[in-house]
Every structure is written in structure tokens, then in C-alpha cells.
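For reference, the structure is listed below as C-alpha cells.
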Amino acid sequence: MSARPLTDFRRLSINDATTKVQWTLEEEIRGYAELGIPGISIWRDKLAECGVAKAAALLREHRMTVTGLCRGGMFPAATAAQRQAAIEDNWRAIDDAAALEAQCLVLVVGGLPPGSRDIIGARQMVLDGLHAIVEHARQAGMPLAIEPLHPMYAADRACVNSMAQANDLCDAVGQGVGIALDVFHVWWDPMLEAEIRRAGKSRLLAFHICDWLVPMQDMLLDRGMMGDGVIDIPLIRGWVEYAGYAGFHEVEIFSAHHWWKKPAPEVLEVCKARYLSVV
1 MSARPLTDFR RLSINDATTK VQWTLEEEIR GYAELGIPGI SIWRDKLAEC GVAKAAALLR
61 EHRMTVTGLC RGGMFPAATA AQRQAAIEDN WRAIDDAAAL EAQCLVLVVG GLPPGSRDII
121 GARQMVLDGL HAIVEHARQA GMPLAIEPLH PMYAADRACV NSMAQANDLC DAVGQGVGIA
181 LDVFHVWWDP MLEAEIRRAG KSRLLAFHIC DWLVPMQDML LDRGMMGDGV IDIPLIRGWV
241 EYAGYAGFHE VEIFSAHHWW KKPAPEVLEV CKARYLSVV
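For the sequence shown, the UniProt record's numbering gives the first residue as 1, with consecutive numbering after it.
Written as C-alpha cells, this is what we have:
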């Protein structure tokens with residue numbers, strides 16, 4: 001069920017982690033637009049450097065679609081005060097995402113609190129955190145996109161590691177919560193196709209692409225350019241589009257060892273070429 005070949009860039013978005021070292025957010029907005037890339041996903045550290053009002057004006061000026069704001073989440077913590085602080089930070093992130101007219105706020109839910117071995121408890125804190133922010137998100141009209149991360153990040157970044165877990169959270173929390181599917185994190189899952197069907201059009205809020213390199217030099221900062229690794233991206237794209245997803249395809253490449261060392265325009269031209277040839 002591989003997807004049909006892509007022939008233009010109307011649905012191409014770049015997550016600004018892909019050029020985070022080379023460019024400021026202002027340079028990214030201008031540079032992506034000049035290269036005919038209509039979508040951008042923004043990390044909050046880059047947004048803070050630019051300022052929300054300035055970023056929103058630049059995005060309008062260049063007619064850019066914000067496919068996501070990264071990130072909210074990080075709910076588990078050792079104390080009630082720390083958990084409340086995380087909830088309040090998520091409220092701010094929701095407001096910022098709304099100000100940018102983002103399509104969703106991406107949630108990396110968080111791992112185990114320092115010193116803890118209780119992953120069941122951490123997952124309960126995630127559910128509690130979602131319940132604490134979802135009404136604010138509904139009022140702001142901002143969809144929350146849970147991003148399941150590869151199990152190698154379960155301890156420190158995300159104790160939600162599969163599409164099934166993300167779907168279960170959507171069932172539990174209800175309206176306003178969906179899923180950001182990143183092929184890097186879920187390509188290995190034997191239940192992936194079935195859980196994509198279960199998610200369906202209403203829950204599939206974002207689709208992130210890159211590749212899994214063999215060998216990988218760094219579990220966080222060595223993602224591959226599409227086509228350089230082992231992920232069958234067209235197959236997974238076919239599954240999500242068959243399930244009803246018609247949104248952007250967002251390139252997100254953390255690459256301290258390779259792509260961050262190259263000029264941003266060069267990286268983006270490779271992204272565009274690979275988008276048409278291997279995605």
C-alpha cells in the first residue's frame with residue numbers, strides 16, 4: 001500500500017530542528033519561503049529567541065503554515081509542585097501555538113522522574129497532565145498531538161512509546177487530543193498499520209519524516225536524511241493517507257554529526273530532492 005509518488009512541494013514542511021544550528025527562526029522563515037517550502041514546525045527555544053509577536057508577523061508576511069509547535073508535555077515529576085509547573089508551562093505553550101495559528105501543539109510526554117523506576121506511575125502522571133491541560137487547549141482551539149517516541153527514550157523523554165499507547169490516551173482524554181506520528185520512532189512496530197487505522201483521520205494530526213541509520217552514532221542526534229536508512233517511508237505514508245491523513249509531511253532531522261555541519265540551503269535542497277524521490 002505504498003503511497004503515490006509526490007510531484008510538488010505543496011505539503012512539504014520543515015521542522016526547524018533540521019536547521020537549528022545554522023539559522024535563527026527569522027532566517028528559517030525567510031529561507032524556507034524563498035525555497036518554495038510552505039510549511040514550518042517551530043521549537044519553543046527558537047520561538048523564545050525571536051518572540052511570539054515577531055514570529056507571527058513574519059509567518060503571515062511569508063504565508064507560512066505552522067504545522068506544529070514543539071513541544072509541550074514533560075508531565076512526570078517528583079513533586080506535586082513540579083508537576084503543576086509543567087502543567088502551567090503547557091498552558092503557555094498552548095497560548096503560543098494559538099498565537100502562531102499552529103496546526104497542533106506536539107507533546108513529548110516525559111519519562112521517569114529522577115531516581116524513579118516506576119514507569120507505570122510516570123504514565124499515570126502523563127494521563128493526569130493531559131486531563132489538566134485539555135480544557136485549556138479546547139478553549140484555545142489548539143489540538144494536542146501526542147508523539148510516541150522510540151522505546152530507547154522511555155526513561156528520559158517519553159514513556160509513551162507506541163501508537164497503541166497514544167491511541168489509548170486519546171480514548172481516555174477525548175476530544176482535542178490526537179497523535180503526531182514520526183516514522184523514526186514507530187517504524188519498527190508490528191502493530192503500526194493497525195494502530196494507524198485505529199487512529200484514523202480525526203486523530204492523525206502530524207506526520208514526521210526522516211530515516212533510521214545503520215549504524216547510528218548517537219541515539220538522539222544522528223537521524224538520517226530520507227533514503228539514507230532502513231525505513232520504508234512510502235509504505236508508512238501510504239498507511240496514514242489511506243487512513244485519511246491529508247496534511248503536511250514534516251521533515252525533522254537532528255543531525256549533529258552531518259547535516260548540521262552543512263549550509264542550511266544545501267540541506268534544504270537535499271530535503272526537497274529526497275522528498276520527491278524517496279518519500
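Where a beta carbon is used, it is the ideal one built from N, C-alpha and C, also for glycine.
Inset, instruction - Could you check what DSSP says for Glu250 in three-state terms: helix, strand or coil? - result: strand
Inset, instruction - Go to Ala137, then tell me how far its alpha helix (DSSP H) extends in each direction, as first and last residue. - result: Ile119 to Ala140
Inset, instruction - Report the residue from Gly224, Met152 and Gly51 whose alpha carbon sits nearest the alpha carbon of Ile209. - result: Gly224
Inset, instruction - Pull up the distance between the alpha-carbon of residue 303 and that of Val240, whole angstroms please. - result: The question about residue 303 has no answer here: the residues shown for the chain are numbered 1 through 279.
Inset, instruction - Closer than 6 angstroms by C-beta to His150: which residues in its own chain qualify, once you throw out the five before and the five after it? Chain order, please. - result: His185
Inset, instruction - Can you give me the Cβ contacts of Ala172 inside the same chain, cut-off strictly under 7 angstroms, excluding the 5 residues immediately before and after it? - result: Leu127
Inset, instruction - Going by DSSP, name the residue or residues bridged to Leu105. - result: Leu69 and Leu144
Inset, instruction - May I have the straight-line CA-CA distance separating Arg11 from Asp96, to the nearest angstrom? - result: 23 angstroms
Inset, instruction - Look at the Cβ atom of Met226, then the Cβ atom of Ile196, and state whether they are nearer than 8 angstroms. - result: no
Legend entry - Classification of Gly247 by the beta-carbon crowding that lies within 10 angstroms, buried from 16 upward: buried
Legend entry - Start and end residues, beta strand (DSSP E) containing Phe75: Element bounds for Phe75: n/a, residue is neither H nor E.
Inset, instruction - Return the chain-ordered list of same chain residues with a C-beta closer than 7 angstroms to the C-beta of residue 282, the five sequence neighbours on each side being excluded. - result: Because the chain spans 1 through 279 in this model, residue 282 falls outside it and cannot be assessed.
Legend entry - Contact under 8 angstroms by Cβ, Ile14 with Ile42: no
Inset, instruction - State yes or no: is the C-beta of Leu107 within less than 8 angstroms of the C-beta of Gly141? - result: no
Legend entry - Any 3 or more C-beta pairs closer than 8 angstroms across the region 130 to 138 and the region 78 to 95: yes
Inset, instruction - Please go through the same chain and pick out, in chain order, the residues whose beta-carbon is closer than 8 angstroms to the beta-carbon of Pro143, but skip the five residues on each side of it. - result: Gln103, Cys104, Leu105, Ala137, Gly176, Val177, Gly178 and Leu205
Legend entry - For Trp259, the nearest candidate out of Arg198, Cys271 and Glu101 (CA to CA): Cys271
Inset, instruction - Counting only the same chain and skipping the five closest in sequence on each side, list residues whose C-beta sits under 8 angstroms from that of Arg63. - result: Ala33 and Pro38
Inset, instruction - Compare the C-beta of Ala53 with all C-beta atoms of chain C and state if any pair is closer than 8 angstroms. - result: Given the protein chain composition of this structure (a single chain), no chain C is represented.
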